[in-house]
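For reference, the structure is listed below as structure tokens.
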Amino acid sequence: MAHLVKSKTVEGAKNKWATRWNCFFDAQFLFRRDTGKEFVLDVAAEPQTAKVNRFYVAPDWINEQPSGFPSLKLKHKAAQLLNPVCVGFDGLQGEWEDGWWCNPPFDLKFEFLEKALEQARKGRDGMMLLPHEELTTWWLDLVEGYATMIYKPDGRYPFYETDGHTKKQGVNFGSALVLFTEKGLQTPSMRFNRKVGRTHLTGIYEQIAKVA
Numbered sequence: 007m008a009h010l011v012k013s014k015t016v017e018g019a020k021n022k023w024a025t026r027w028n029c030f031f032d033a034q035f036l037f038r039r040d041t042g043k044e045f046v047l048d049v050a051a052e053p054q055t056a057k058v059n060r061f062y063v064a065p066d067w068i069n070e071q072p073s074g075f076p077s078l079k080l081k082h083k084a085a086q087l088l089n090p091v092c093v094g095f096d097g098l099q100g101e102w103e104d105g106w107w108c109n110p111p112f113d114l115k116f117e118f119l120e121k122a123l124e125q126a127r128k129g130r131d132g133m134m135l136l137p138h139e140e141l142t143t144w145w146l147d148l149v150e151g152y153a154t155m156i157y158k159p160d161g162r163y164p165f166y167e168t169d170g171h172t173k174k175q176g177v178n179f180g181s182a183l184v185l186f187t188e189k190g191l192q193t194p195s196m197r198f199n200r201k202v203g204r205t206h207l208t209g210i211y212e213q214i215a216k217v218a
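Residues 7 to 218 (the working numbering) are what the sequence shown spells out, left to right.
Here it is, written out as structure tokens:
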């Protein structure tokens, strides 16, 4: 995997950057506003990092767990409120649902983008959180000219470690929210203010926002 930028982040930790709740709230608001739909499935998550109450986990996650599966004990109060349920393994192999959310591992961006395009062509709309790198090959090949909309925040989003609780250090890159639908071919972009999603929460996410 080509590194985004030079950093001192431990090599093994570079691959997974868990979504913070404010970022997800923004994505949720923009997705609902522009598609009229809700997120129903997180296709690249772990118990501690899922942002939708149903998620797919990578097969290797099980092999990484110590005896007793302590990672199943949710640490963040927001995750405890959400209480997500694993409904499948390996988002790259299974079918997604209409209303998917995806923050892919860095070294699988290309594969998840290909899968996102495949699912969008089947009428299954969704959104990805991606490093905002418009001049990279993967962006030019799989985002520009294929995504429905690129949402550019007014600053960088922070991230969690894989425990879904600890703030990730060394966030030296910007991110963008990218919408994929069956209609997307022109790839316009728009600016938005971070935390706009907090003013448009419904259901369990109103409670989550109080502790996130």
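Built from N, CA and C at the ideal position, the CB exists for glycine as well.
Exercise for review: With DSSP collapsed to three states, give me the class of L87.
Suggested key: It is helical.
**Study point:** Bridge-paired residues (DSSP) for T55
**Key:** In the DSSP output, where bridge partners are listed per residue, T55 has none listed.
**Study point:** Cα-Cα separation between T129 and C29, rounded to whole angstroms
**Key:** Checking the sequence, you will find Gly at residue 129 rather than Thr. One C-alpha to the other measures close to 25 Å.
Practice item. Report yes or no: do the segment 77-87 and the segment 167-174 share at least 3 C-beta pairs separated by less than 8 Å? Key: The answer is yes - the segment 167-174 touches the segment 77-87, with three or more Cβ pairs under 8 Å.
Point to revise | Nearest residue (CA-CA) to S181, options A64, G161, A122 | key: For S181, the nearest C-alpha among the options comes from G161.
Review point. Is the distance from the Cβ of L146 to the Cβ of L119 below 8 Å?
Key: Their beta carbons are not under 8 Å apart, which means L146 does not touch L119 by this criterion.
Practice item. Please name the residue, chosen from D104, F37, T142, that lies closest to M155 on a Cα-to-Cα basis. Key: When each option's Cα is compared against that of M155, the closest is F37.
**Study point:** Buried or exposed by the 16-neighbour rule on C-beta atoms within 10 Å, applied to R26
**Key:** Residue burial annotation: R26 is buried, with at least 16 other C-beta atoms found within 10 angstroms of its C-beta.
Exercise for review: Assuming A126 and M134 form a contact by the criterion Cβ under 8 Å, report the distance between their Cβ atoms to the nearest whole angstrom.
Suggested key: About 11 Å separates the CB atoms of A126 and M134; that is not less than 8 Å, and the two are not in contact.
Practice item. Look up G176 in the DSSP assignment and say whether it is helix, strand or coil. Key: In the three-state scheme derived from DSSP, where H, G and I count as helix and E and B as strand, G176 is classed as coil.
Check your understanding: Which residues does DSSP pair with K115 in a beta bridge?
Key -> Per DSSP, K115 has no beta bridge partner at all.
Point to revise | Classification of V184 by the beta-carbon crowding that lies within 10 angstroms, buried from 16 upward | key: Per the 10 Å Cβ criterion, buried.
Review point. Is DSSP giving A218 helix, strand or coil here?
Key: Three-state DSSP puts A218 in coil, outside helix and strand.
Check your understanding: Which residue or residues does DSSP assign as beta-bridge partners of G132?
Key -> Among the bridge pairs identified by DSSP, G132 is matched with W106, F186.
Review point. Straight-line CA distance for L98 to G176?
Key: Going by C-alpha positions, L98 is about 28 Å away from G176.
Point to revise | CB-CB length for Y62 against G100, believed under 8 Å | key: Your pair Y62 and G100 checks out as a contact, with CB atoms roughly 6 Å apart and the cut at 8 Å.
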